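Residue numbers (the UniProt record's numbering): 1 to 240. Every residue, glycine too, gets a C-beta built ideally from N, C-alpha and C. Just so it is clear, the structure is predicted and the values come from calculations on it, not from any experiment.
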């Protein structure tokens, strides 16, 4: 995993808009971040592979190698948290980003305050992931194995390919048994920010968890939506 720079987090910003790129570089720099800025996808990918960063900020519509292609290649060897930034606000675009391994999606235009808060939320999540925690005692009938160190779940030896955010979300649901957890609680506990009705990030993560568990053939339990209340990880044949 990428080492976390506690005092001065290292940020890689891949943004071809000169005005926005310079503004992000200046604002985050004044806020105590060490920012490296590049303006095309291939250069950003090369730098991300050669140096250690705590968070990567990346536009989708980049010249040459676009942001989704960069993300795909980066995920083959690095688990560095990635925030996609784009004016493409359609749900299909957000889903594509999350499926490829993005940790967050920030639609343009955005405020520097929101960008900073989202970066800080990711850094808190990563710090929590690194804390030693006791392994949960899974039910004897449950064959899904949780690996806190790798932030991954396994069915036999098949890994689901979860992102850190997806793992923390599934792990939180797992640790709370049959209790229905509200969206507000999960946003605060897992995504480390307040819940806003227009924010679909949690729903996207839930969708990805369901898809990935299905892909490895896990059917004993599933993440269920309890309308008006939240989510629960329950037996596949159990009514909630």
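Residues sharing a beta bridge with residue 97, DSSP
Position 97 of the chain shown, counted from the first residue, corresponds to residue 97. According to DSSP, residue 97 bridges with nothing at all.
Residue 158 bridges to which residues according to DSSP?
Within the chain shown, residue 158 is the residue found at index 158, counting from 1. Paired residue(s): 155.
Contact check, residue 31 vs residue 116 under 8 Å by CB: the rounded distance?
Here residue 31 refers to the residue found at position 31 when the chain shown is read from its first residue. Here residue 116 refers to the residue found at position 116 when the chain shown is read from its first residue. At roughly 6 Å, the Cβ-Cβ gap stays under 8 Å, so residue 31 and residue 116 are in contact.
Grouping DSSP H, G and I as helix and E and B as strand, with all else coil, what is residue 195?
Your numbering for residue 195 matches position 195 in the chain shown. Note: residue 195 maps to coil in three-state DSSP.
With burial defined as no fewer than 16 other Cβ atoms inside 10 Å of the residue's Cβ, what is the status of residue 37: buried or exposed?
Sequence index remark: in the chain shown, residue 37 carries index 37 (1-based). With 16 or more other Cβ atoms within 10 Å, it is buried.
In three-state terms, what does DSSP make of residue 87?
Here the question's residue 87 lines up with position 87 in the chain shown. Of the three classes helix, strand and coil, the one that applies to residue 87 here is coil, per DSSP.
DSSP state of residue 149, grouped into three classes?
Taking the chain shown and counting its residues from 1, one reaches residue 149 at position 149. Reduced to three states, the DSSP call for residue 149 is coil.
If we ignore side chains and look at the alpha-carbon of each, how far apart do residue 58 and residue 191 end up?
The residue labelled residue 58 in the question sits at position 58 within the chain shown. The residue labelled residue 191 in the question sits at position 191 within the chain shown. One C-alpha to the other measures close to 19 Å.
Give me the Cβ distance between residue 73 and residue 45, rounded to the nearest whole Å; I'm assuming they're in contact under 8 Å.
By one-based count along the chain shown, residue 73 stands at place 73. By one-based count along the chain shown, residue 45 stands at place 45. Contact flag correct, Cβ pair sits at about 6 Å.
Going by CA-CA distance only, name the one from 211, 78, 34, 67 that's closest to residue 50.
Within the chain shown, numbered from 1, the residue matching residue 50 stands at position 50. Nearest option by C-alpha distance: 78.
Nearest-angstrom Cα separation, counted from residue 87 out to residue 254:
The structure shown does not extend to residue 254, since the chain is modelled only from 1 through 240, so no value can be given for it.
Any idea if residue 125 is buried or exposed, counting beta-carbon neighbours within 10 angstroms, 16 or more meaning buried?
Taking the first residue of the chain shown as 1, we reach residue 125 at position 125. It counts as buried.
Count Cβ pairs between the segment 160-167 and the segment 207-227 that sit closer than 8 Å; are there 3 or more?
yes
Let me know the secondary structure DSSP gives residue 52 once reduced to three states.
In the chain shown, counting from the first residue as 1, residue 52 sits at position 52. In this structure, residue 52 counts as coil in the three-state DSSP scheme.
Taking Cβ to Cβ, would you say residue 180 is nearer than 8 Å to residue 223?
Counting from one through the chain shown, the residue named residue 180 turns up at place 180. Counting from one through the chain shown, the residue named residue 223 turns up at place 223. Against a cut-off of 8 Å, the Cβ pair of residue 223 and residue 180 comes out as no contact.
Can you say whether residue 140 is buried or exposed, counting buried as having 16 or more other CB atoms within 10 angstroms of its CB?
Here residue 140 is taken as the residue at index 140 of the chain shown, counted from 1. Low per-residue confidence applies at residue 140: pLDDT is 34, beneath 50, and the placement is therefore not dependable enough to give any value.
Under a Cβ-count criterion, where at least 16 other Cβ atoms within 10 Å of its own Cβ denotes burial, should residue 83 be classed as buried or exposed?
Along the chain shown, read from residue 1 onward, the residue named residue 83 stands at position 83. With 16 or more other Cβ atoms within 10 Å, it is buried.
Alpha helix (DSSP H) segment containing residue 209, residue limits:
Along the chain shown, read from residue 1 onward, the residue named residue 209 stands at position 209. First-last of the alpha helix (DSSP H) with residue 209: 201-215.
Given residue 110, which residues of its chain have a CB within under 8 Å of its CB, disregarding the five upstream and five downstream residues?
Position 110 of the chain shown, counted from the first residue, corresponds to residue 110. Result list for residue 110: 85, in chain order.
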